[in-house]
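Reading through the structure tokens given below for one structure.
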Amino acid sequence: MTDTKLKQRTGASGDRLRVRLRERLLEAGLELFGLYGYAHTSVEALCEEAGVAEAVFREEYESPEGLLIALHNRVSTNGMRAAENVQLAVDIDTCTAPVRVRRLFDAYVDAVTRDPREARVAFVEVLGVSRAVDEHCRRWREAWVEFYTAATARAVGRGEAVNTDHRADVIVMVNTIHELMAHHSRRPRRARPQDVSGELTHLALTLLTTE
Numbered sequence: 371m372t373d374t375k376l377k378q379r380t381g382a383s384g385d386r387l388r389v390r391l392r393e394r395l396l397e398a399g400l401e402l403f404g405l406y407g408y409a410h411t412s413v414e415a416l417c418e419e420a421g422v423a424e425a426v427f428r429e430e431y432e433s434p435e436g437l438l439i440a441l442h443n444r445v446s447t448n449g450m451r452a453a454e455n456v457q458l459a460v461d462i463d464t465c466t467a468p469v470r471v472r473r474l475f476d477a478y479v480d481a482v483t484r485d486p487r488e489a490r491v492a493f494v495e496v497l498g499v500s501r502a503v504d505e506h507c508r509r510w511r512e513a514w515v516e517f518y519t520a521a522t523a524r525a526v527g528r529g530e531a532v533n534t535d536h537r538a539d540v541i542v543m544v545n546t547i548h549e550l551m552a553h554h555s556r557r558p559r560r561a562r563p564q565d566v567s568g569e570l571t572h573l574a575l576t577l578l579t580t581e
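Using the numbering used here, you'd call the opening residue of the sequence shown number 371 and step up by one each time.
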């Protein structure tokens, strides 16, 4: 029975099948976009890698652009969850500001660079693809701005940061984080996660303590 016919099943079994097909396509996109680049990957290649019919691909993601957005969303969500978990740690309020910031970036960098293919997709392959992808990335940058603005406000409350409106600083920081991550993701020799985290920590602490 073909994937197209299998997808016509209803109920829980049909839902589970659909999840499996989507995961196969996501893994195919990660492999091909992450190794060869978005611009050099066709729908035919994605379907062959995933072992699905083109009709299935079109129904699930419509286009390579839709698959790219889904992959970016998955990597970004992993990064956000890692950062949020640090903020929720029971001992986080007893840490010094440098330790707290370093822990946050250690968790974030580990989450988004654990698989080099994910880092390339999330920070390099999404650049300049289309207005739809640009808009998707813009919404994620806005989410990060809100996250870091809230974290900065808590730092101000603790007396660890200059008591001023840091939103403009946070916007600069978020954009710089993405530029740095793109830079390191392009490098032929992979940077050590702790070195990347160290750069981001230095940037954040500099912005927090500058009048």
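Positions of the beta carbon are idealized from the N, C-alpha and C atoms, including for glycine.
The structure displayed is predicted, hence computed values, not measured ones.
| Asked | Found |
| --- | --- |
| Under 7 Å between C-beta atoms of THR483 and PRO563 | yes |
| Beta-carbon spacing of ARG394, GLU430 below 7 Å | no |
| Whole-Å CB distance - ARG473 paired with VAL456, under 8 Å assumed | 5 Å |
| CB of ARG490 within 7 Å of CB of THR519, strictly | no |
| contact_flag[the segment 453-467, the segment 411-427] where n(CB pairs < 8 Å) is 3 or more | no |
| Limits of the alpha helix (DSSP H) - the one that ILE541 falls within | 537-556 |
| Under 7 Å between C-beta atoms of LEU437 and GLY407 | no |
| Distance between VAL471 and ARG524 (C-alpha atoms, nearest Å) | 12 Å |
| LEU376 - DSSP class collapsed to helix/strand/coil | Because LEU376 carries a pLDDT of 47, less than 50, the predicted location of this residue cannot be relied on, and the following value inherits that uncertainty. The answer is helix: DSSP assigns LEU376 an H, G or I state. |
| Nearest-angstrom Cα separation, counted from GLY529 out to THR447 | 30 Å |
| Cα-Cα separation, VAL494 to THR576 | 26 Å |
| Straight-line gap, LEU572 to GLU418 (C-alpha atoms, nearest Å) | Here residue 572 is His; the residue named in the question, Leu, does not match the sequence. Computed Cα separation, rounded: 44 Å. |
| For CYS417, the first and last residue of its enclosing alpha helix (DSSP H) | 413-420 |
| Nearest-angstrom Cα separation, counted from ALA415 out to GLY498 | 22 Å |
| Secondary structure of THR464, DSSP reduced to three states | helix |
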